Amino acid sequence: MSYELVKKWLDDSTSVTSEEINEASDAMLQQMPTGPTICLIAALSIIKNSGVDAVKNVRERVQKYEQENNS
Amino acid sequence: MTVISAVRGRLMAESTFSNELDNSEYRMNNYPVWTTFNGSQPNNDNTYINNTGTWKTFAYWRHYSPLYNDGYGSYIGNQLLDRYARHNGTETQRGDHALLPFLSGSEPRVLKIYGAESLFSYNWGPQNNNADRGNGTTGEFTNQNNTRIIGNTGTSQSGNYITGAIGTGTSMYNTSLWSRYDWTQIVDIPDSATTVKFGAQIKVSADDKLKTYNFAGIYCAEDNYTTNTRVVNYFRVKANSAPYSLATGTLSSSASPYNWSGLTTSGATDGSNNLKIFTPASTVANELASLNQNDYEEFEKVEYTFTPQSGTNRKMSFNLFFAESAFYLAYAAGNNTGGFQVFDPFVEFS
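Sequence lines, in order, name chains A and B.
With the first letter of the first sequence counted as 1, position 63 gets the number 1018 in our numbering; the numbers rise by one all the way through.
With the first letter of the second sequence counted as 1, position 125 gets the number 249 in our numbering; the numbers rise by one all the way through.
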């Protein structure tokens, strides 16, 4: 869910609400703290803290998530 | 006949019964992740419980990293492990320590710290791809833009950086430069103390060895704010094949600011109750031991002693650290950096 939400934000940042970001962040803390989980927490944190100024930064974390999730 | 053990596993005991550190076993159910402000302090450590996620810390421990990854928040790389060893060991090996969930921290835990493999080049805060960042600033300060990205340097090495020559043209693609990430506590040194003993139970797992140019360990720092001198006593764990040595002894005025900068030991804060940063104008680095990681695939207690600086009302900082090669950060291969595991670090005075 969090991954899809971040991807959706990357496609159109206005399509995602801050409540959805907060809920997704809380949900990630129920997961085990593995590398992929921490990548998504990072992406959500950057969205909350930096917003659209940090699209490349978020994209980098998503790519890292995809790399670790597929390894 | 096969004998099957019925016990849960092997429990690690405390390192000492006279520890000057607080929350040395990472209880209180806090779990900082990814980023927070350097030197971030809770209003009350004693009641700082159940804090998990970004922009958090451990009760009594202060975060320091010069690697900015979320605006003015800087990189945290840690996981927490069960202090019980699992049953996958052998007669001579303890077994692994399982990764714990985020919300599992009322019991003692093992801390594992590791690197980033990225300079986070798109961060909008301080830029990390800047080897001489902070040049010209020494002493205590609050402006995060002046934090040195380089926290340790090597001795001269063929084809690489030579101590004392960091400048605007220095590349981060360099195997003789490191960024270092710390978990810090400030400790009062009793006036009567003439010896400091510090250590921990440490491990580098066989399946998560430090990369060749990464190292980790514990350092104690004492500062003189009149001369902006920092005296550091440390031990480190490294790859067995590590082909470098660190700058040690009394360092030159050009090398000093790039060695062992970190949080202040004075307790001074900025306007937001975060501890100030300290970059030494003069550094004295005493390497007490350089340990080979292959000798620590199982938890071993290590301890070292040193003589503190003379005086009264003295303070020192105790720091768990992970030093990551600038080359690895710049190259950003995405490999595992290796992880340094610590249980119940301690300080004693006598």
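Think of the CB as a built atom: it goes at the ideal place given N, C-alpha and C, for glycine as much as any other residue.
As the structure is a prediction and not an experimental result, all values here were calculated from the model.
- Query: Among residues of its own chain, excluding the 5 on either side of ASN1012 (chain A), which ones have a beta-carbon nearer than 6 Å to its beta-carbon?
  - Reply: ILE1001
- Query: Where do the ends of the alpha helix (DSSP H) carrying ASP331 (chain B) lie?
  - Reply: First-last for ASP331 (chain B): undefined, no H or E at that position.
- DSSP beta-bridge partners for GLN309 (chain B)? B:PHE442
- Item | When B:PRO190, B:PHE464, B:VAL471, B:VAL356 are compared against THR159 (chain B), the one with the closest alpha-carbon | B:PRO190
- Task: Could you work out which residues of chain A lie near TYR455 (chain B), taking near to mean beta carbons separated by less than 9 Å?
- Result: Under the 9 Å cutoff, chain A gives no residues; its nearest Cβ is about 15 Å from TYR455 (chain B).
- Task: Taking the CB atoms as reference points, tell me whether GLY278 (chain B) and ASP256 (chain B) lie closer together than 9 Å.
- Result: no
- Message: Taking the alpha-carbon of GLY435 (chain B) as reference, which of B:ALA371, B:ILE313, B:ALA330, B:MET136 has the nearest alpha-carbon?
- Response: B:ILE313
- Query: What beta strand (DSSP E) runs, 3 residues minimum, are completely inside the segment 324 to 401 of chain B?
  - Reply: 339 to 348, 353 to 362
- If you count every other CB in all the chains shown that lies within 10 Å of the CB of GLY341 (chain B), and 16 or more means buried, which is it? buried
- Query: In three-state terms, what does DSSP make of ARG134 (chain B)?
  - Reply: strand
- Task: Please look up how many angstroms separate the CB atoms of THR461 (chain B) and TYR368 (chain B), rounded, as I've assumed it's under 8 Å.
- Result: THR461 (chain B) to TYR368 (chain B), Cβ: 16 Å. No contact.
- Item | Residue of B:LEU334, B:TYR337, B:VAL408, B:ASP394 minimising C-alpha distance to THR372 (chain B) | B:VAL408
- Message: Given this structure, state the Cα-to-Cα distance separating GLU138 (chain B) from ASP468 (chain B), to the nearest angstrom.
- Response: 6 Å
- Top-ranked residue by Cα proximity to GLU472 (chain B), from B:THR429, B:LEU370, B:SER385: B:THR429
- Task: Could you work out which residue in B:PHE451, B:GLU241, B:PRO250, B:ASN410 is closest to MET95 (chain B) when comparing CA atoms only?
- Result: Residue 95 (chain B) falls outside the range modelled here, since chain B spans only 125 to 474, and no answer is possible.
- Query: To which residues of the same chain is GLN165 (chain B) closer than 6 Å at the C-beta, ignoring the five residues directly before and after it?
  - Reply: ASN397
- Over the uninterrupted alpha helix (DSSP H) stretch that includes SER964 (chain A), give me the two end residues. First, the residue type needs correcting, since residue 964 (chain A) is Trp and not Ser in the sequence shown. It spans 957 to 966 - the alpha helix (DSSP H) in which TRP964 (chain A) sits, taken as one unbroken run.
- Are VAL361 (chain B) and LEU399 (chain B) close, meaning C-beta to C-beta below 9 Å? no
- Item | Residues of its chain near SER282 (chain B), where Cβ-Cβ distance is below 6 Å and the 5 sequence neighbours each way are ignored | The predicted position of SER282 (chain B) is uncertain, since its pLDDT is 41 and thus under 50; a value taken from the coordinates is nonetheless stated next. For SER282 (chain B), where only same-chain residues beyond five positions count, there are no Cβ hits under 6 Å.
- Could you confirm whether any beta carbon from chain B is found closer than 9 Å to the beta carbon of GLU1000 (chain A)? A quick correction: the sequence has Ser, not Glu, at residue 1000 (chain A). For SER1000 (chain A), the answer is yes, since a Cβ of chain B falls inside 9 Å of its Cβ.
- Task: Could you name the residues of chain B that PRO991 (chain A) contacts, counting a contact when the two beta carbons are closer than 8 Å?
- Result: The premise fails here: PRO991 (chain A) is roughly 12 Å from chain B at the closest Cβ pair, so nothing lies under 8 Å.
- Message: Check whether chain A comes within 9 Å of ASN357 (chain B), counting only Cβ atoms and requiring the distance to be less than that.
- Response: no
- Query: Do you know how far the Cα of GLY260 (chain B) is from the Cα of GLN986 (chain A)?
  - Reply: 44 Å
- Item | Segment limits, alpha helix (DSSP H) that includes ASP981 (chain A) | 973 to 983
- Determine the DSSP secondary structure at ILE128 (chain B), reduced to helix, strand or coil. Confidence at ILE128 (chain B) is low in this model, with a pLDDT of 44, below 50, so its placement is unreliable and no value can be given for it.
- Task: Could you work out which residue in B:PHE141, B:PRO250, B:ALA209 is closest to ALA222 (chain B) when comparing CA atoms only?
- Result: B:ALA209
- Message: Buried or exposed for TYR349 (chain B), going by 16 or more other Cβ atoms inside 10 Å?
- Response: exposed
- C-beta contact flag for ASN202 (chain B) and THR271 (chain B) at 9 Å: no
- Message: Against GLU1015 (chain A), what residues of chain B qualify as contacts under a CB-to-CB distance less than 7 Å, listed in chain order?
- Response: TYR246
- Following the continuous alpha helix (DSSP H) through TYR238 (chain B), name the residue where it begins and the one where it ends. That residue, TYR238 (chain B), is in no alpha helix (DSSP H); its beta strand (DSSP E) goes 233 to 238.
- Using the C-alpha atoms, what's the distance from GLY386 (chain B) back to THR351 (chain B)? 17 Å
- Query: Shortest alpha-carbon distance to THR389 (chain B) belongs to which of B:LEU415, B:SER245, B:VAL356, B:SER380?
  - Reply: B:VAL356
- Message: Alpha carbons only, please: which of B:ASP347, B:GLN465, B:PHE182 is nearest the one belonging to ALA324 (chain B)?
- Response: B:GLN465
- Message: Under 9 Å, Cβ to Cβ, is there at least one residue of chain A near PRO225 (chain B)?
- Response: yes
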